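Working notes, structure below.
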Amino acid sequence: MKLCLKPSAMRRTRWHEYLVRFVFGGLVTMAAGLVADHCGPVMGGLFLAFPSIFPACVTLVQVHEEEDEKEDGKRSSVRKRMARQAAGATAMGTTLGGAGLFCFALVLWLSATRLSPWLLLGLAMLVWVIVNTLVLWLGQGLIARFAAHGDSCS
Amino acid sequence: MEHLIRFLIGGVVVSVFAALGDVFRPRILAGMFGAAPTIALATLGLTIATKGAEVVSLEGRSMLIGAVALSAHSPLASYLLLKRDWSSLPAALLAWMAWFVISFSLWALLLKATS
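Residue numbers (the working numbering), protein chains in the order written: chain A, 1 to 154; chain B, 1 to 115.
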């Protein structure tokens, strides 16, 4: 499985799609703070792991993939199937990403009272990166099963 | 004012990670970036400054449950998309509801007594 960057994909995203993600992300962050203020940190902490942009992510992937396949001249039924496959792969990625999020939370729980804020943030992000890298390396077979048509960078 | 700051920082952090997910291939990476700790990153500094490190630690413990719910909710969307030919928005919204059920159930089972 080859990891690569496709910067041109950013141009596919329209301004209102960026706006939706910004507003959703902002609202959920604000809501997490409000829940923590009114119900305490034990309840509020749940929302730190809320999948705020999950619907926007999978929907955008499906829409963009369908547009790409339309440009390639594929039939509607084929386009829709490939687009759902890409969205399904994205959803599976969220499952795998939960491991990194879990370890990030573990660092916060165990180290918040022991480290300075910047060190805490740096350590938690480092652990997130390492765990996600490990998951990608160990899960190559599973990832290959979910490979979607638009997964190349060419 | 604090909530406005949370909204703005949260919006920026979520947008950045979502944009990163757009450019990486394979697509499965977009999903992994979708599971990035964006809300925690956006609020960590503010929470430590206003409420202290103990509160961050408590929130981190609850975040563990949220992370388990996150990993558990997305296979439902994947199944609906790949096996049941659902469209992405209804599949994702149903999976969102599953997140609430799973996380609140685990919270009630494991953490409610400590709230």
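Each residue gets a CB set at the ideal place from its N, CA and C atoms; glycine is no exception.
These numbers come from a predicted model, not from an experiment.
- Message: Excluding the 5 residues flanking leucine 41 of chain B on each side, which residues of the same chain have their C-beta closer than 7 Å to its C-beta?
- Response: Val13
- For chain C, find out if any of its Cβ atoms is closer than 9 Å to the Cβ of serine 105 of chain B; answer yes or no. Absent here is chain C; the protein component of the structure consists of chains A and B.
- Task: Please report the residue range of the alpha helix (DSSP H) in which lysine 51 of chain B lies.
- Result: 38 to 51
- Message: As a quick exercise: from A/Asp68, A/Gly98, A/Cys39, pick the residue whose alpha carbon is nearest that of threonine 38 of chain B.
- Response: A/Gly98
- Query: What is the rounded straight-line gap between the Cα of arginine 84 of chain A and the Cα of arginine 114 of chain A?
  - Reply: 45 Å
- Task: In the DSSP assignment, find the alpha helix (DSSP H) that holds methionine 30 of chain A and state where it starts and stops.
- Result: 15 to 39
- Buried versus exposed call for glycine 159 of chain A [16 or more other C-beta atoms within 10 Å across all chains shown]: No answer is possible for residue 159 of chain A: the residues shown for chain A start at 1 and end at 154.
- Excluding five sequence neighbours on each side, which residues of the same chain lie with their C-beta closer than 7 Å to the C-beta of alanine 31 of chain A? Phe47
- Out of A/Ile130, A/Val35, A/Phe54, which has the shortest C-alpha to C-alpha gap to glycine 100 of chain A? A/Ile130
- Message: Can you find the residues in the same chain that come closer than 7 Å, C-beta to C-beta, to glutamine 62 of chain A, ignoring five residues on each side of it along the sequence?
- Response: Ala83, Arg84, Ala86, Ala87
- Going straight from the alpha carbon of histidine 73 of chain B to that of glycine 141 of chain A, what length do you get? 22 Å
- Does leucine 111 of chain B have its Cβ less than 9 Å from a Cβ in chain A? yes
- Run down chain A in chain order and give the residues with a C-beta less than 7 Å from the C-beta of isoleucine 65 of chain B. Leu46
- Query: Would you call the stretch 101 to 108 of chain A and the stretch 83 to 101 of chain B touching, i.e. three or more CB-CB distances under 8 Å?
  - Reply: no
- Item | threonine 94 of chain A versus alanine 49 of chain B: straight-line alpha-carbon distance, rounded | 30 Å
- Message: Residues in the same chain with beta-carbon distance under 7 Å from alanine 124 of chain A, minus the five sequence neighbours each way, listed in chain order, please.
- Response: Phe104, Val107, Leu108
- Quick one: which chain B residues come within Cβ less than 9 Å of arginine 14 of chain A? Simply none; closest approach about 12 Å.
- Query: So what's leucine 115 of chain A in DSSP terms, helix, strand or just coil?
  - Reply: coil
- Item | Supposed close pair alanine 9 of chain B, threonine 29 of chain A - CB separation, criterion 8 Å | Contrary to the premise, residue 9 of chain B reads as isoleucine rather than alanine in this sequence. With 8 Å as the limit, isoleucine 9 of chain B and threonine 29 of chain A qualify as a contact, their Cβ atoms being about 7 Å apart.
- Where does the unbroken alpha helix (DSSP H) through aspartate 85 of chain B begin, and where does it stop? From DSSP, aspartate 85 of chain B is part of no alpha helix (DSSP H); its letter is neither H nor E.
- Task: Kindly indicate the opening and closing residues of the alpha helix (DSSP H) around arginine 27 of chain B.
- Result: Per DSSP, arginine 27 of chain B belongs to no alpha helix (DSSP H) and is neither H nor E.
- Query: Closer than 9 Å, Cβ to any Cβ of chain A: which residues of the stretch 15 to 37 of chain B, in chain order?
  - Reply: Ser15, Phe17, Ala18, Ala19, Gly21, Asp22, Val23, Phe24, Arg25, Pro26, Arg27, Ile28, Leu29, Ala30, Gly31, Met32, Phe33, Gly34, Ala35, Ala36, Pro37
- Message: I'd like to know whether the C-beta of lysine 6 of chain A is nearer than 9 Å to at least one C-beta of chain B.
- Response: yes
- Task: Counting only the same chain and skipping the five closest in sequence on each side, list residues whose C-beta sits under 8 Å from that of threonine 13 of chain A.
- Result: Leu60, His64
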